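**Q**
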Amino acid sequence: MTNAVISLKNINVVVGGHTKIIDDLNLDIYQGDFISILGTNGAGKSTLFNTIAGNLAPQSGQILHNGQDITQHNAVQRTKMIARVFQDPKMGTAPRMTVSENLLLAEKRGEHRALRSRGLNKEKLVEYAAITAKMGNNLDQRLQTPTGSLSGGQRQALSFLMATRVKPELLLLDEHTAALDPKTSDQLMAATNQQILDNQLTALMITHNLEDALRYGNRLLILNAGKIVLDVNGSKKQALTEDQLLTYFTF
1 MTNAVISLKN INVVVGGHTK IIDDLNLDIY QGDFISILGT NGAGKSTLFN
51 TIAGNLAPQS GQILHNGQDI TQHNAVQRTK MIARVFQDPK MGTAPRMTVS
101 ENLLLAEKRG EHRALRSRGL NKEKLVEYAA ITAKMGNNLD QRLQTPTGSL
151 SGGQRQALSF LMATRVKPEL LLLDEHTAAL DPKTSDQLMA ATNQQILDNQ
201 LTALMITHNL EDALRYGNRL LILNAGKIVL DVNGSKKQAL TEDQLLTYFT
251 F
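In UniProt numbering, the protein residues as written are 1 to 251.
(1) Taking contact to mean at least 3 C-beta pairs separated by less than 8 Å, is the segment 166 to 183 in contact with the segment 83 to 92?
(2) In whole angstroms, give me the CA-to-CA distance for residue 3 and residue 28.
(3) Any idea what DSSP makes of residue 160, helix, strand or coil?
(4) Would you mind stating whether residue 49 and residue 206 have Cβ atoms separated by less than 8 Å?
(5) List, from N- to C-terminal side, the alpha helix (DSSP H) runs of 4 residues or more that fit wholly inside the segment 166 to 203.
(6) Counting beta carbon pairs with one atom in the segment 226 to 244 and one in the segment 16 to 24, are three or more of them shorter than 8 Å?
(7) Would you identify the three-state DSSP class for residue 218, choosing helix, strand or coil?
(8) If you draw a straight line from the alpha carbon of residue 53 to that of residue 192, how long is it in whole angstroms?
(9) Which class does residue 152 belong to by DSSP, given the choice of helix, strand or coil?
(10) Could you have a look at residue 137 and say whether DSSP puts it in helix, strand or coil?
(11) Note down the Cα distance separating residue 108 from residue 81, rounded to an integer number of angstroms.
(12) Any idea which residues DSSP pairs residue 20 with across the strands?
(13) Taking the straight line between their C-alpha atoms, what separation do you get for residue 125 and residue 100?
(14) Under 8 Å, with one C-beta from each stretch per pair, do the segment 131 to 143 and the segment 154 to 165 reach the 3-pair mark?
(15) Given residue 67, which residues of its chain have a CB within under 7 Å of its CB, disregarding the five upstream and five downstream residues?
(16) Taking C-beta to C-beta, are residue 63 and residue 150 nearer than 8 Å?
(17) Per DSSP, what kind of secondary structure is residue 84 in: helix, strand or coil?
(18) Nearest to residue 204 by alpha carbon, out of 246, 31, 242 and 95?
(19) Report yes if the C-beta distance between residue 220 and residue 36 is below 8 Å; otherwise report no.
(20) Rounding to the nearest angstrom, what Cα-Cα distance links residue 252 and residue 65 in this structure?
(21) Given this structure, state the Cα-to-Cα distance separating residue 214 from residue 246, to the nearest angstrom.
(22) Can you round the beta-carbon distance between residue 145 and residue 93 to whole angstroms, since I take them to be within the 8 Å contact cut?
(23) Residues in the same chain with beta-carbon distance under 6 Å from residue 106, minus the five sequence neighbours each way, listed in chain order, please.
(24) Please state whether the Cβ-Cβ distance between residue 252 and residue 188 is less than 8 Å.
(25) Along the chain, where does the beta strand (DSSP E) containing residue 234 start, and where does it finish?
(26) On the DSSP bridge assignment, give the partners of residue 34 in chain order.
(27) From what residue to what residue does the beta strand (DSSP E) around residue 64 run?
Structure follows, in structure tokens:
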């Protein structure tokens, strides 16, 4: 197997001086992986994302990027390779800027970002109309609309497009459909999957939706008490049922 894009080696994360949230965790993420992550509240899912993104430093262990140690790199340094979409549609976009201005801003991810209106020429607007049309929610009709005036689904679709405007080496989807109504959630999830496949993205997705975890991606993880208790792909993932997944959860 090829080398992992990101490897976590014996990662331990302690919060409050004594509470271990991530417990000696090992994880290899390979190019093209689309990994769904399940787990109860407090299982360590968000802490895992914060550790990968550089927002939280592990007490011990290593984080490797293409074999190079990046454990001490902060979130800003990792922005060049990692993009993230959050659960809250209000995060990740500038509300007073238009859809097209937000997309232009996203093209400067990992660089010194200074928006120049002259960058929004006719060619750019045609390009943005094409990519937003793929989301299937009329976002392409709102290019000149301030982002704060969009629906939750449209704003979250824009957040996803911004996160992938410059192809990241790793995309973190942090319950990015959880705040949406079922119909909008299904629509965004289908569009997300298509974009990941079309652009050959590598992605981790936290979800509480068992159906989505089974339907999408090539690999599925379950976290419990900061440990990976299930890691399956291929035919083993395809053979799983929701009832089988439920046996890993305690209430």
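Backbone N, C-alpha and C define an ideal beta-carbon position, used for all residues, glycine too.
Given the structure is predicted, the values throughout are model-derived calculations rather than measurements.
**A** The relevant details are as follows:
(1) Pairwise C-beta distances place the segment 166 to 183 in contact with the segment 83 to 92, as three or more of them are shorter than 8 Å.
(2) The count along the sequence shown starts at 1 and reaches residue 3 at position 3. The count along the sequence shown starts at 1 and reaches residue 28 at position 28. Using only the alpha carbons, I get a separation of about 9 Å.
(3) Translated into the one-based positions of the sequence shown, residue 160 becomes position 160. In this structure, residue 160 counts as helix in the three-state DSSP scheme.
(4) Start at 1 with the first residue of the sequence shown, and residue 49 comes out as number 49. Start at 1 with the first residue of the sequence shown, and residue 206 comes out as number 206. Yes, these two residues count as a Cβ contact at 8 Å.
(5) 182 to 198
(6) yes
(7) Here residue 218 refers to the residue found at position 218 when the sequence shown is read from its first residue. Here DSSP, grouped into helix, strand and coil, assigns residue 218 to coil.
(8) In the sequence shown, the residue the question calls residue 53 occupies position 53. In the sequence shown, the residue the question calls residue 192 occupies position 192. Taking the straight line joining both Cα atoms gives about 20 Å.
(9) Start at 1 with the first residue of the sequence shown, and residue 152 comes out as number 152. DSSP places residue 152 in helix when its eight states are reduced to three.
(10) Within the sequence shown, residue 137 is the residue found at index 137, counting from 1. In the structure shown, residue 137 sits in coil (DSSP, three-state: anything other than H, G, I, E or B).
(11) Walking along the sequence shown from the start, residue 108 turns up at place 108. Walking along the sequence shown from the start, residue 81 turns up at place 81. Computed Cα separation, rounded: 13 Å.
(12) Here residue 20 refers to the residue found at position 20 of the sequence shown. Residue 20 is bridged by DSSP to 14.
(13) Working through the sequence shown from its first residue, we reach residue 125 at position 125. Working through the sequence shown from its first residue, we reach residue 100 at position 100. So the alpha carbons of these two residues sit roughly 7 Å apart.
(14) Two segments are said to touch when three or more pairs of C-beta atoms, one from each, lie closer than 8 Å; by this definition the segment 131 to 143 touches the segment 154 to 165.
(15) Sequence index remark: in the sequence shown, residue 67 carries index 67 (1-based). Contacts found: 3.
(16) Along the sequence shown, read from residue 1 onward, the residue named residue 63 stands at position 63. Along the sequence shown, read from residue 1 onward, the residue named residue 150 stands at position 150. The answer is no: Cβ separation not under 8 Å.
(17) Position 84 of the sequence shown holds residue 84. Residue 84 falls in the strand class under three-state DSSP.
(18) Position 204 of the sequence shown, counted from the start, is the residue given in the question as residue 204. The shortest Cα separation from residue 204 among 246, 31, 242 and 95 belongs to 31.
(19) Taking the sequence shown and counting its residues from 1, the one referred to as residue 220 is at position 220. Taking the sequence shown and counting its residues from 1, the one referred to as residue 36 is at position 36. For residue 220 and residue 36, yes; Cβs fall inside 8 Å.
(20) Any property of residue 252 remains undetermined from this structure, which presents the chain solely from 1 to 251.
(21) By 1-based counting over the sequence shown, the position of residue 214 is 214. By 1-based counting over the sequence shown, the position of residue 246 is 246. If you take the alpha carbons of residue 214 and residue 246, they lie about 12 Å apart.
(22) Within the sequence shown, numbered from 1, the residue matching residue 145 stands at position 145. Within the sequence shown, numbered from 1, the residue matching residue 93 stands at position 93. The pair is not a contact, with the Cβ atoms about 12 Å apart (cut-off 8 Å).
(23) Numbered from its first residue, the sequence shown carries residue 106 at position 106. Within the same chain, residue 106 has close Cβ partners 162 and 165.
(24) Coverage of the chain is limited to positions 1 through 251, which leaves residue 252 absent and any answer about it impossible.
(25) For the purposes of this step, residue 234 is taken as the residue at position 234 of the sequence shown. Unbroken run through residue 234 is the alpha helix (DSSP H), 234 to 238; no beta strand (DSSP E).
(26) By one-based count along the sequence shown, residue 34 stands at place 34. 203.
(27) Here residue 64 refers to the residue found at position 64 of the sequence shown. It spans 60 to 65 - the beta strand (DSSP E) in which residue 64 sits, taken as one unbroken run.
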